[in-house]
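Asks: Structure in structure tokens, see below.
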Amino acid sequence: MFEARLTQGALLKRLLDSVKELVTDANFDCSETGISLQAMDNSHVALVSLSLRAEGFNPYRCDRGFSLGVNLNSLNKIMKCAGNEDVITLKADDSSADSLCLLFENSSNERVSEYELKLMDIDQEHLSIPETDYDATVMMPSAEFQRICRDLMVVSESVTIDVSKDEIKFTAEGELGTGNVKLKPTSTIDKPEESITIELGQTVSLQFSLKYLSNFTRGTPLSDQVMLCLSDNMPLLVEYKMDIGYIRYYLAPKVGD
Amino acid sequence: GLNQKRIAWFYLPK
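As structure tokens, then:
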């Protein structure tokens, strides 16, 4: 038996928003420690990894590990039937999980709606992502990162990210001209959500597709801050941390042969 | 020019 009740149902809506443009079908892997998802986009250039801890649910029950194969478009349609303030409960029979039950309860518990989503078999390749010491780790306001991606898309489909001790610089070069945005580290102790920090082992310069980065910024409503981790010739990690877990996006860089 | 790599170019299957 699997059951996970999330008091903040709106969080599930936001999570779904942050993956559904990148991935159409995905396995939600459920275990006694929580729910996780790992999936590549169709072009296999980007990867999304989601982790929700069991403690974030009340209650959470999962007797044995199993996977829920979900079409995210279908799940999204059903999730639209939930109110923003609703408590959402996910239920499935782990021995023959051919459907996922979603229960939406309003705050006064007067209205309860129940939906069944048909599940599917998804043959998905999982990649092993090792713990990495990145050359550069940058924390910045998530809304700022979203704006930079949106602005630079006006100029080019690619962005070069340069990180040094003193600044992170985003540069785009296109047919109409060029553009760049430079951010310096700031420490706003009274407003930590607005701070920018750079931890640097060595300077890095990498080029990425703005289309994917822009897609990742759908995670912006999940967290005030975003973490960017970069190493030479390695995929970029973009992480949004939540109270209940995290969503991580990985993007392969553009590199010379 | 630079080429867009795939993610599996960097990480091995589990």
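Chains A and B, in that order, are what the protein sequence lines are.
Going by the numbering used here, the first sequence wraps up at 344, each residue one higher than the last.
Going by the numbering used here, the second sequence wraps up at 15, each residue one higher than the last.
By construction, the Cβ of each residue, glycine as well, lies at the ideal position given by its N, Cα and C atoms.
So, does the CB of A/MET240 fall closer than 8 Å to a CB anywhere in chain B?
Replies: no
Asks: Output needed in chain order: residues of the region 247-272 of chain A with a Cβ under 8 Å from some Cβ in chain B.
Replies: none
Asks: By DSSP, does A/CYS149 sit in helix, in strand, or in coil?
Replies: strand
Asks: Could you check the C-alpha separation between A/THR219 and A/VAL199 for me, to the nearest Å?
Replies: Rounded to whole angstroms, A/THR219 to A/VAL199 spans 45 Å at the Cα level.
Asks: Around the C-beta of A/PRO340, are 16 or more other C-beta atoms found within 10 angstroms, so that it is buried, or is it exposed?
Replies: buried
Asks: Give me, in chain order, the residues of the same chain whose beta-carbon lies closer than 8 Å to that of A/GLU172; leave out the 5 immediate sequence neighbours on both sides.
Replies: GLY96, ALA97, ASN193, SER194
Asks: Please classify A/LYS298: is it buried, with 16 or more other beta-carbons within 10 angstroms of its beta-carbon, or exposed?
Replies: Exposed.
Asks: How big is the Cα-Cα spacing for A/LEU214 and A/LYS278?
Replies: 37 Å
Asks: Alpha helix (DSSP H) containing A/CYS236: first to last residue?
Replies: 229-239
Asks: For the alpha helix (DSSP H) containing A/LYS164, name the first residue and the last one.
Replies: DSSP places A/LYS164 in the uninterrupted alpha helix (DSSP H) bounded by 159-166.
Asks: Please state the DSSP three-state secondary structure of A/THR304.
Replies: helix
Asks: Going by other Cβ atoms of all chains shown within 10 Å of its Cβ, with 16 needed for buried, is A/THR307 buried or exposed?
Replies: buried
Asks: Work out the CA separation of A/GLU212 and B/LEU13 for me, nearest whole Å.
Replies: 10 Å
Asks: What do you get for A/LEU324, buried or exposed, if any count of 16 or more other CB atoms within 10 angstroms of its CB means buried?
Replies: buried
Asks: By DSSP's criteria, A/GLN312 is part of a beta bridge. Which residues make up the other side?
Replies: A/PRO228
Asks: Near A/MET226, which residues of its chain fall below 6 Å by C-beta distance, leaving aside the five closest residues on each side in sequence?
Replies: Contacts found: THR284, GLN312, MET314.
Asks: Which same chain residues, not among the five before or five after A/GLU260, have their C-beta less than 6 Å away from its C-beta?
Replies: Excluding sequence neighbours, A/GLU260 sits near SER243.
Asks: With 8 Å set as the bound, which would you pick, yes or no: does the beta-carbon of A/TYR337 sit closer than that to a beta-carbon of chain B?
Replies: yes
Asks: Suppose you measure from the CA of A/LYS271 to the CA of A/GLY343; what does that come to, to the nearest Å?
Replies: 29 Å
Asks: According to DSSP, what are the bridge partners of A/ARG140?
Replies: A/GLY121
Asks: Closer than 7 Å between beta carbons: that is the criterion. Which residues of the region 128-152 of chain A meet it against chain B?
Replies: Sequence-ordered contacts of the region 128-152 of chain A with chain B read HIS131, VAL132, ALA133, LEU134 [C-beta pairs closer than 7 Å].
Asks: For the alpha helix (DSSP H) containing A/LEU102, list its first residue and its last residue.
Replies: Unbroken alpha helix (DSSP H) run through A/LEU102: 96-106.
Asks: Which two residues bound the contiguous beta strand (DSSP E) that contains A/LYS328?
Replies: 323-328
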